[in-house]
Amino acid sequence: DAVASEELDTPDRRDGRIYDYDPKLQLAVEIALATGRPLLLRGDPGSGKSSVASFIARNLNYRYYEAVITGQSSAQDLLWRYDLVHRLADAQSMAPGEQRRPLSDYDYIEPGVLWWVFDRSSAKVRGWTSQSALPQPREAAEPNRV
């Protein structure tokens, strides 16, 4: 088939449609799937780690999460990160005297890949158990005082 041949000749688009397994890698993937354990892949840039993960996820109809780890990464980055820049921008965008609900730290927490993998429902609400559990703004006796 000309289309299939053409697809094989194109650079990897990481769309998960095609992957040529090494026998050792295939065995490792099968063991991880059979035991329900994670398979951590490591290797040089461009060695195919993301491609194999995308291929497996697509073919098993799993959700695919990806994280790039660098020398600047910390373990916390895989769990969550706090968006200080977004919080600062929101704080500075308030006009003097403008009444708005107090800024909540939870509004600026961004779940990392491990949070999504291990507790997707919690990651959707950034740790809150339900939308009704979110703290409601209090009426202050004096403006700008909590």
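Residue numbers for the sequence shown follow this note's numbering, so the first one is 238 and each next one is one higher.
From the three backbone atoms N, C-alpha and C, an ideal C-beta is built for every residue, glycine too.
- By the neighbour-count definition (other C-beta atoms within 10 Å, threshold 16), A360 is a buried residue.
- Closest in alpha carbon position to I255, among Y302, S330, I306, A290, is A290.
- Between R274 and T307, the alpha-carbon positions lie close to 24 Å from each other.
- The Cβ neighbour count for G285, taken over all protein chains shown within 10 Å, is at least 16; the residue is labelled buried.
- The Cβ atoms of R324 and Y343 lie no closer than 8 Å to each other.
- Inter-segment contact for the stretch 259–274 and the stretch 309–317 is absent: fewer than three beta-carbon pairs are separated by less than 8 Å.
- Short of 6 Å from the beta carbon of E267, and not among the five residues preceding or following it, lies no beta carbon of its own chain.
- Excluding five sequence positions before and after D320, the CB atoms of its chain that fall closer than 8 Å to its own CB belong to Y345, I346, E347, given in chain order.
- In the same chain as M331, and ignoring 5 residues on each side of it, the C-beta atoms closer than 8 Å to its own belong to R337, in chain order.
- For the pair V322 and A328, the Cα-to-Cα distance works out to about 10 Å.
- Using a Cβ distance threshold of 8 Å, L351 and L297 do not count as a contacting pair.
- Shown here, R357 sits in a helix according to DSSP, grouped into three states.
- Setting aside the 5 residues that flank it on each side, R318 is surrounded in the same chain by E347, each with a C-beta closer than 6 Å to its C-beta; the list follows chain order.
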